[in-house]
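Numbering (this note's numbering), first residue to last: 1329 to 1800.
Backbone N, C-alpha and C define an ideal beta-carbon position, used for all residues, glycine too.
Rendered as structure tokens:
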């Protein structure tokens, strides 16, 4: 907690239900105060069945269920000039692996082709299944056993604090740090086949300076380290360590009807894996934005950025069967940073009964990192993390009409297209267009909403992908 409840205590309770997977989800939370201390307890749970899939022989997608529970305990000391608090969060989860098949465990690459045993030396002269719909039903015997399942446990400790007016010229200093101990095991017929662990810390400290010649801003330092390991039949990634250090500065300036923003960030990332070469990258990012409040309640904005991202350990070092995603993954330790040059335009209305925003954006990537599919055998794919120049173009928007003081309606939607530059075709795994409506009601401490959304058919697909279905 960052404040002491005004009346000594306050709570929240929420319940949700979804139709496509019979989802039920709820959360309860309570914050109480005692002197300069505030205490928080929160619990959340979600349970969903297998997804209903119209148009399939089977009414539901086996192995798409999910059960998750989360509990948090936190406490803070809160004074006149700031606070210092800590929290412990534990999450457990159990979910199925849809489409997982044991027959692919022996698959391995021969160059850019898959070999899956039994004489299936798959090459590009074979049928890759671009439009074959019979793959999913060729091996009916696979459904005699329950889908494999993941059992996950995560423990996290967080520390947060803020100190106001610590030094002349400094408005406040904020601290955020955490340690995570994550583990999940993949079970096949009730027996653990592979266990993945990821332990690491992250920390961030930032100082907000007072106005200097009209400029207000923040400077900060961010640190993180993660140790990843996989043990068992599907250990597709060697034990690896990733360290990241980042320095950043963000400034803003007001002049007339204009609000100007700018930011810089320099990072240093080191990645290493047992038996593989160490890799270092130094991504640098810069961005700027201008917001024009051209009339009360209305604003237009343009933002420009040049951002860089270093490849992850998985993109650098993967080499093995990853049955959770039905892929054989091949990393590339020679991957360089990817660079995105972007422009985004936004129109926003914040006053009146009708509010909302619409944004359009265009990204031009140099050396975009993505999982390129090289070959496919039935539903199992050979992928290699690759780099190529690419573009993303999209639009998103949301409009809300306040019908009465207690009732509002919202329409929303988004669309994005991703393409490789030149004649490279569509990028893989691009989400389909989405649209929906939401009706929300609120009265005093009570609120509720009902939402309907539709995800449209995706036909702008990459090689080896299949067009998706409309989904409600």
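Report all residues from its chain with a CB closer than 7 Å to the CB of residue i; omit the five preceding and five following residues, and keep chain order.
i: residue 1475; result: 1390, 1391, 1424, 1425, 1426, 1428
i: residue 1771; result: 1734
i: residue 1409; result: 1491, 1492, 1493
Between residue i and residue j, what straight-line distance do the alpha-carbon atoms span, to the nearest angstrom?
i: residue 1560; j: residue 1650; result: 11 Å
i: residue 1782; j: residue 1739; result: 12 Å
i: residue 1629; j: residue 1516; result: 52 Å
i: residue 1753; j: residue 1720; result: 12 Å
i: residue 1763; j: residue 1668; result: 27 Å
i: residue 1421; j: residue 1587; result: 44 Å
i: residue 1370; j: residue 1364; result: 20 Å
i: residue 1334; j: residue 1341; result: 19 Å
i: residue 1574; j: residue 1642; result: 21 Å
i: residue 1505; j: residue 1528; result: 11 Å
i: residue 1631; j: residue 1550; result: 24 Å
i: residue 1639; j: residue 1663; result: 7 Å
i: residue 1751; j: residue 1690; result: 18 Å
i: residue 1613; j: residue 1362; result: 44 Å
i: residue 1488; j: residue 1789; result: 44 Å
i: residue 1611; j: residue 1579; result: 20 Å
i: residue 1472; j: residue 1710; result: Here residue 1472 scores only 43 on pLDDT, less than 50, and its place in the model should not be relied on; the value that follows carries that caveat. Answer to the nearest angstrom: the Cα atoms are 26 Å apart.
i: residue 1729; j: residue 1626; result: 16 Å
i: residue 1655; j: residue 1601; result: 21 Å
i: residue 1453; j: residue 1349; result: Caution is warranted here: a pLDDT of 43 is assigned to residue 1453, below 50, making its placement in the model unreliable, and no coordinate value can be reported.
i: residue 1435; j: residue 1773; result: 56 Å
i: residue 1556; j: residue 1716; result: 27 Å
i: residue 1388; j: residue 1594; result: 47 Å
i: residue 1744; j: residue 1652; result: 26 Å
i: residue 1394; j: residue 1481; result: 14 Å
i: residue 1530; j: residue 1552; result: 4 Å
i: residue 1338; j: residue 1502; result: 25 Å
Since I believe residue j is in contact with residue i (beta carbons under 8 Å), could you give me their beta-carbon distance rounded to a whole number of angstroms?
i: residue 1545; j: residue 1532; result: Contact flag wrong, Cβ pair sits at about 16 Å.
i: residue 1748; j: residue 1769; result: Actually they do not touch by this definition, with Cβ atoms about 46 Å apart.
i: residue 1714; j: residue 1698; result: 6 Å
i: residue 1525; j: residue 1562; result: Not a contact, Cβ separation roughly 14 Å.
i: residue 1633; j: residue 1687; result: That belief does not hold up - the Cβ atoms of residue 1633 and residue 1687 are roughly 14 Å apart, past 8 Å.
i: residue 1418; j: residue 1399; result: 6 Å
i: residue 1661; j: residue 1605; result: 5 Å
i: residue 1327; j: residue 1509; result: With the chain running from 1329 to 1800 in the structure shown, residue 1327 is simply not present.
Please list the terminal residues of the continuous alpha helix (DSSP H) segment that includes residue i.
i: residue 1786; result: From DSSP, residue 1786 is part of no alpha helix (DSSP H); its letter is neither H nor E.
i: residue 1801; result: The requested residue 1801 does not occur in the structure, where the chain is confined to residues 1329 to 1800.
In terms of residue numbering, what span does the beta strand (DSSP E) encompassing residue i cover?
i: residue 1423; result: 1410-1424
i: residue 1484; result: 1477-1495
i: residue 1539; result: 1519-1540
i: residue 1394; result: 1394-1407
i: residue 1330; result: Neither: residue 1330 is in no beta strand (DSSP E) and is coded neither H nor E.
i: residue 1432; result: Note, residue 1432: premise wrong, no beta strand (DSSP E); not H, not E.
i: residue 1630; result: 1626-1637
i: residue 1612; result: 1612-1623
i: residue 1500; result: 1498-1516
i: residue 1655; result: 1655-1658
i: residue 1379; result: Here residue 1379 belongs to no beta strand (DSSP E), and DSSP marks it neither H nor E.
i: residue 1556; result: 1543-1560
i: residue 1358; result: 1351-1362
i: residue 1670; result: 1666-1677
Please work out which residues of its chain come closer than 6 Å, Cβ to Cβ, to residue i, disregarding the five sequence neighbours upstream and downstream, and give them in chain order.
i: residue 1727; result: 1684, 1739
i: residue 1432; result: 1708
i: residue 1351; result: 1376
i: residue 1353; result: 1344, 1374
i: residue 1493; result: none
i: residue 1397; result: 1373, 1420
i: residue 1589; result: 1580, 1617
i: residue 1692; result: 1669, 1719
i: residue 1368; result: 1329, 1359, 1402
Quick one: residues in its chain with C-beta nearer than 8 Å to the C-beta of residue i, no 5 flanking neighbours on either side, listed in chain order?
i: residue 1647; result: 1564, 1565, 1566, 1657, 1658, 1659
i: residue 1465; result: Because the pLDDT of residue 1465 is 37, which lies under 50, any placement of that residue in the model is unreliable, and the number read from its coordinates should be weighed accordingly. Cβ neighbours of residue 1465 beyond the five flanking positions: 1385.
i: residue 1498; result: 1535, 1536, 1537, 1538
Within 8 Å (strictly less), CB to CB, does residue i reach chain B?
i: residue 1794; result: In the displayed structure, chain B is absent; only one protein chain is listed.
Beta strand (DSSP E) segments (min. 3 residues) lying fully within the segment 1563-1603: The qualifying runs are 1568-1583, 1586-1601.
Beta strand (DSSP E) segments (min. 3 residues) lying fully within the segment 1699-1784: Entirely contained in the segment 1699-1784, the beta strand (DSSP E) runs reaching 3 residues are, in chain order, 1708-1732, 1735-1748, 1762-1771, 1774-1783.
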